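Structure, as structure tokens:
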Amino acid sequence: MTPQPTSQILTLEDWIRRSLLFLILCWLTVAILFPIYQLVARSFQNSDGQWIGFLNYLEYFTTPSLSTSLLNSFQVAIASTFTSVSIGFICAYALTRTAIPGKGIFRTFFLLPISIPSITHGIGLIYLFGNQGILTRGFFGFFQDRFGFDPSLNIQLYGFNGILLGDTLDCLPLAIIILTTALTIADARLYEAAQSLKTPNWRTFLQVTLPGIRYGLLSAILVCFIQAFTDFGAPIVVGGQFNVLATDVYKQVIGQQNFAMGATVSVLLVLPTLLVFVVNRIVEQRQIALVGAKVVPLKPKPNLFSDLVFFVFCGLISLVILSVLGTSIFASFVKVWYNLNDPGLLQFTLDNYNVNVAGSTGIEPFWNSIQLALYSAGFGTIVIFLTAYLVEKTPGWNQLRSFISFLSTLPNALPGMVVGLSYIFFFNLPSLILPFTDLSIPNPFNGIYTSIILLVIANVIHYHTVSFVTLSTALKQIDSEFEAIAASMRVPFYITLVRVTLPLCLPALSQTVVYLFVNSLRTVSALVFLYSAPGLLLATVAIVNLEDAGETATAAAMSTLVVLTSLTIQGIYGLMTQRLINRSFGWMK
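Read in this note's numbering, the sequence shown has 405 at position 405, and its numbers run on one by one without any break.
This is the structure:
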């Protein structure tokens, strides 16, 4: 048999890849664009679905009890960004520019909040600074009775102060990660030149250090602002009467069943984050290479005084993080919280882990969350890797690939609550009206509403951007010569994908699996609107319901299960990481 020409084989493979690209485009359109369109359209309608223009927005801005939330959101976001970036910079500087001992331990403690639901921060703060908190009540008279000393500290937790503390804890690891990366890149020659010129340390800091990390610092500010502006966990637990946009969306939809106003508030929640997202993209594109081929890595020199100061500071921050988390875990095992002042009366129990909320008993919500996290991690990794592969490795069709890349990064500008509410508006519709016509067709996606499938899709889209960027970066590092050689040898692209590309991307794939699993387990904002059947109640949603009902100890117990599972998964991943790298890149040694 005469072999087929190479061009014919390539044309067939090219057709297959472009068909897959079209399917990915359809997937992202249905999962992102259509729901967002329905959300925006609903904000211009009344409760009966009739078009009313900007009346919802006019009502919002002319109602003080509503419009105040917008100002409160900016106030909290700005304050939280300032505190988290300031503390994060000092911690990152200590990890990269000093010779303090125990950097690995400090780094682990600093990154702990990433594995913890923001609701857990709120619960821990309640047990520390709430009306019956340990610090508020002066350790329940323990020191007063024995030493005549009352160490009580009342910070008026519920309201702005509580949200500020919760959001700072939530944003701190993000700031540390970004700033550590920025501070790691430094040329020792610049500092040696400053030292030889006898430049004061403060001037070296202003003229060398800060300019070198300006893009990283700005990126940290923007990322922390988005995180704090859209956070739902801390405000719903310790916000009290201090309303923000995220809690307004929840109250309008769940409390008042006012979906039109909920959509209006959601749009207002998206606009600032979308603007910050665009600015952040511009900042990333304008970054220039700060390290050349002749760079001399900066090695921090020991300094007894400064190292001691930074060590103490890092120790205090670590203590705060561990105290908030540890108090929440400890409270989940205590039978009577007020007996802490007398160790003889202190009793431990597991009764708090017998959850009874919204028709679910025992730890059923926790197992639902585990199941959802597994599905989200598996399905999400496959779909996102395929998206990244087709965008990076498909020849031609540059505009289509660029548009898919844009859609893949767009979810980073969409708060979780916006994703969840937009899915209600789109997937709950029995029929779809074609734009600019009066024609309607049955909604082919309505069947997955109230099912776990919709929850999986919501999680995958919510955390799509970071996973896509991670896998795209890994694919860009693979030389295109692999595909060129395979094509010249008439090896189908899917063979190269399985035998070469996948093994080389194994570390990034495993990182994506863990990232999707952990975040699907700890998220609440994207799912709080979507669980409908009692059998689909999730752990984080149960925590919100329990806290609303005053069952704080039971909420702490459910939160503890989520935290310990998340930490266990990440610990296993950490132990396996080096082995995966050695297996994937061992042939290069």
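Even for Gly, the Cβ is constructed at its ideal location relative to N, Cα and C. Source: prediction; values computed, not measured.
Hey, valine 370 and threonine 512 are a contact pair by Cβ (cut 8 Å); roughly how many whole angstroms apart? The sequence given here places isoleucine at residue 370; valine does not occur at that position. Not confirmed; about 18 Å, so no contact.
Between serine 80 and leucine 157, is the Cβ-Cβ spacing less than 8 Å? No, the Cβ-Cβ distance between serine 80 and leucine 157 is not below 8 Å.
Rounded distance between the beta-carbons of leucine 455 and asparagine 443, thought under 8 Å: Wrong, their Cβ atoms sit about 18 Å apart, outside the cutoff.
CB of leucine 66 within 8 Å of CB of serine 422, strictly: no
Residues that DSSP places opposite isoleucine 441 in a beta bridge: Leu432
Looking at the structure shown, is glutamine 132 part of a helix, part of a strand, or coil, going by DSSP? coil
Beta carbon of asparagine 280 nearer than 8 Å to that of leucine 222: yes
Roughly how many angstroms lie between the CA atoms of aspartate 48 and phenylalanine 259, to the nearest whole one? 10 Å
Based on the DSSP secondary-structure assignment, which residues constitute the bridge partners of tryptophan 27? For tryptophan 27, which the question treats as bridged, DSSP gives no partner whatsoever.
Taking only the alpha-carbon atoms, compute the straight-line gap between valine 291 and arginine 214 and give it to the nearest angstrom. For valine 291, the pLDDT reaches just 49, beneath the cut-off of 50, and the residue's location in the model is therefore unreliable, although a value from the coordinates is still provided. Going by the C-alpha atoms only, they are around 15 Å apart.
Straight-line CA distance for proline 3 to arginine 490? In this prediction, proline 3 scores a pLDDT of 42, lower than 50, which makes its location untrustworthy; no coordinate-derived value is stated.
Based on Cα-Cα distance, which residue from Phe82, Phe333, Arg97 lies nearest to alanine 228? Across the set Phe82, Phe333, Arg97, the C-alpha of Phe82 shows the shortest separation from the C-alpha of alanine 228.
Residue of Pro235, Met261, Leu183, Asp231 minimising C-alpha distance to threonine 211: Looking at the sequence provided, one finds proline at residue 211 rather than threonine. It is Leu183.
Starting from the C-beta of leucine 439, find all residues in its chain whose C-beta is less than 8 Å away, skip the five residues before and the five after it, and write them out in chain order. Ile433, listed in sequence order.
Label arginine 499 either buried or exposed according to how many other C-beta atoms from any shown protein chain fall within 10 Å of its C-beta, with 16 as the threshold for buried. Classification for arginine 499: exposed.
Alpha carbon to alpha carbon, how far is valine 466 from threonine 409? Give it in angstroms, no decimals. 8 Å
Bridge partner(s) assigned by DSSP for tryptophan 397: Paired residues: none, contrary to the question.
Take alanine 553 and list the residues in its own chain whose beta-carbon comes closer than 8 Å to its own, dropping the five residues that flank it on each side. Counting only Cβ-Cβ distances below 8 Å, and skipping sequence neighbours, we find Ala331, Ser332, Val334, Trp337, Asn352.
Using the Cβ count rule (16 or more neighbours within 10 Å means buried), how would you classify arginine 203? That one is exposed.
Three-state class that DSSP yields for valine 498 in the structure shown: If DSSP states are grouped into helix, strand and coil, valine 498 belongs with the helices.
Taking three-plus beta-carbon pairs below 8 Å as touching, is the region 540-554 in contact with the region 370-379? no
Examine the Cβ distances between the region 233-249 and the region 59-73 and report whether three or more of them are shorter than 8 Å. With a cut-off of 8 Å, the region 59-73 and the region 233-249 count as touching, because enough Cβ pairs lie within range.
Buried versus exposed call for valine 312 [16 or more other C-beta atoms within 10 Å across all chains shown]: exposed
For glutamine 45, the three-state DSSP class (helix, strand or coil): strand
Whose CA, out of Leu475, Ala526, Pro415, lies closest to the CA of leucine 274? Ranking Leu475, Ala526, Pro415 by Cα distance to leucine 274 puts Pro415 first.
Please go through the region 40-127 and give each complete alpha helix (DSSP H) segment of 4 or more residues, from N-terminal end onward. 55-62, 64-97, 103-110
Relative to the ligand NAP, is the shortest distance from any of its heavy atoms to the C-beta of isoleucine 404 smaller than 7 Å? The ligand NAP is not among the ligands present in this structure, which contains no ligands whatsoever.
Given a cut-off of 8 Å, decide if threonine 136 and serine 152 are closer than it, judged by their beta-carbon atoms. The beta carbons of serine 152 and threonine 136 sit closer together than 8 Å.
Tell me the DSSP secondary structure of valine 334 in three-state form. strand
Just the Cα atoms here: how many angstroms apart are serine 306 and isoleucine 176? Straight-line Cα distance between these residues: approximately 19 Å.
Tell me which residues share the same chain as glycine 240 and place their Cβ nearer than 6 Å to its Cβ, disregarding the 5 neighbours each side in the sequence. Tyr158, Gly159
Take alanine 31 and list the residues in its own chain whose beta-carbon comes closer than 7 Å to its own, dropping the five residues that flank it on each side. Ile457, Ile461
In three-state DSSP terms, what is valine 267? helix
Quick one: what does DSSP say phenylalanine 348 is sitting in, helix, strand or coil? If DSSP states are grouped into helix, strand and coil, phenylalanine 348 belongs with the strands.
Drop a sphere of 10 angstroms on the beta-carbon of serine 520, count the other beta-carbons inside from all chains shown, and report buried for 16 or more, exposed for fewer. buried
Could you name each continuous beta strand (DSSP E) segment of 3 residues or more that falls completely within the region 368-425, going from the start of the chain to the end? Listed in chain order, nothing qualifies, since the region 368-425 has no complete beta strand (DSSP E) run of 3 or more residues.
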